[in-house]
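Right, one structure below, let's go through it.
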Amino acid sequence: MRTSVIAFVNNKGGSGKTTSCANIGYSLAMMGRKVLLIDGDMQLNLSLSFFDEEQVLQLASGEKNLYRAIKKDEALDDYIVATPYENLDLIPSSTLMSGIEYELFTRKQREFILKNALQGIRQSGNYDYILLDAPPTLGSWVVNILCAADYCVMPVEASPWGLFGVANMFEFIDEMTGLNEALELLGIAITKVDSRKNYFKQTLDTLRQVEDVHVFEHVIRVDSEVEWAQDHSKPIAEYKRKARSAGEYRELAVEMDEEVRKRWQ
Ligand SMILES: Nc1ncnc2c1ncn2[C@@H]1O[C@H](COP(=O)(O)OP(=O)(O)O)[C@@H](O)[C@H]1O
Ligand SMILES: [Mg+2]
13 MRTSVIAFVN
23 NKGGSGKTTS
33 CANIGYSLAM
43 MGRKVLLIDG
53 DMQLNLSLSF
63 FDEEQVLQLA
73 SGEKNLYRAI
83 KKDEALDDYI
93 VATPYENLDL
103 IPSSTLMSGI
113 EYELFTRKQR
123 EFILKNALQG
133 IRQSGNYDYI
143 LLDAPPTLGS
153 WVVNILCAAD
163 YCVMPVEASP
173 WGLFGVANMF
183 EFIDEMTGLN
193 EALELLGIAI
203 TKVDSRKNYF
213 KQTLDTLRQV
223 EDVHVFEHVI
233 RVDSEVEWAQ
243 DHSKPIAEYK
253 RKARSAGEYR
263 ELAVEMDEEV
273 RKRWQ
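Counting in my numbering, the sequence shown runs from 13 upward without gaps.
Structure (structure tokens):
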């Protein structure tokens, strides 16, 4: 089995990284793909998408979280937690991730700590996909995330300010290929579309004009069920099967899966 590692990145907060990572991961799992999610953000939002606050805080303050593994320079194999859903596992985060930059500062080969920690899981072939949720920063930790990834997906909010900084992100990803030659931008996922507003079309037009950048056909519209689902620590489709955004994430997951397979050829 071939494992694809995909990072969800954009240094703009609120662009839909975590929501996309959680719901694409869930959708891929429901399609029968084996998926491991990694919560790389101290905000714990990805972990909170599957477990309630009490459980997440317990995981975050215990031994089984990403921060502990990185701090102890251990393989991540023993840090995997099963989610309530078939084919879907998680490595939870910790609020201590706030100190990760400092933690990495004195390490040798510090760009590759996460990549090395993931090697065993990758080689086991247990997963089709490893999805990494990145924080809204561009420090050494996000460099680690992008060094560990084969692809990145950039969620962009369809708002007047959503595009702000996207050019910088393209440049950052481009520069990252100096450290990780294999890294490719798989595509841009347009999120939080309000189809009554024309910003949406403008955002799409602008992004579609960028050469060599794939923009996913399936966009995610604004849907109040997203926040309700998150409030209940559930993927959208588990909270409300017929929610519009649940269907949209399902379609986007199929498209992403196809895009990955295309690039294998
Ligand atoms: N399609 C959507 N419709 C409505 N709200 C959304 C949608 N996608 C994300 N949100 C909300 O927007 C906020 C930011 O999304 P999030 O995925 O946390 O972004 P990021 O991880 O990039 O910071 C969250 O409060 C989330 O609930
Ligand atoms: Mg997030």
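Glycine included, C-beta positions come from ideal geometry on N, C-alpha and C.
Under the three-pair Cβ rule at 8 Å, the segment 247–259 counts as touching the segment 34–42. Going by DSSP, residue 203 is part of the beta strand (DSSP E) stretching over 196–203. Residue burial annotation: residue 77 is buried, with at least 16 other C-beta atoms found within 10 angstroms of its C-beta. Taking C-beta separations shorter than 7 Å and ignoring five residues to either side along the sequence, the partners of residue 230 in its chain run 260, 263, 264 and 267, following chain order. In the structure shown, residue 49 adopts extended strand secondary structure according to DSSP, grouped into three states.
Within its own chain, the residues whose Cβ lies closer than 6 Å to the Cβ of residue 139, once the five positions on either side in sequence are excluded, are 15, 46 and 48, listed in chain order. In this structure, residue 168 and residue 21 do not form a Cβ contact; the two beta carbons are roughly 11 Å apart against a cut-off of 8 Å. Remark: fewer than three beta-carbon pairs, one from each stretch, lie closer than 8 Å, so the segment 212–221 and the segment 189–198 are not flagged as touching. Counting C-beta atoms within 10 angstroms of its own C-beta, residue 207 has fewer than 16 neighbours from the protein chains shown and is therefore classed as exposed. Scanning its chain for C-beta atoms nearer than 8 Å, with the 5 sequence neighbours on each side dropped, one finds around residue 226 the residues 197, 198, 199, 200 and 271, in chain order.
Sixteen is the threshold: when 16 or more other Cβ atoms of the shown chains lie within 10 Å of the Cβ of residue 166, as they do, the residue is buried. Excluding residues up to 5 positions away in sequence, 170, 202, 227 and 231 lie with their Cβ nearer than 8 Å to the Cβ of residue 216 in the same chain.
Residue 149 and residue 23 have their alpha carbons spaced roughly 5 Å apart.
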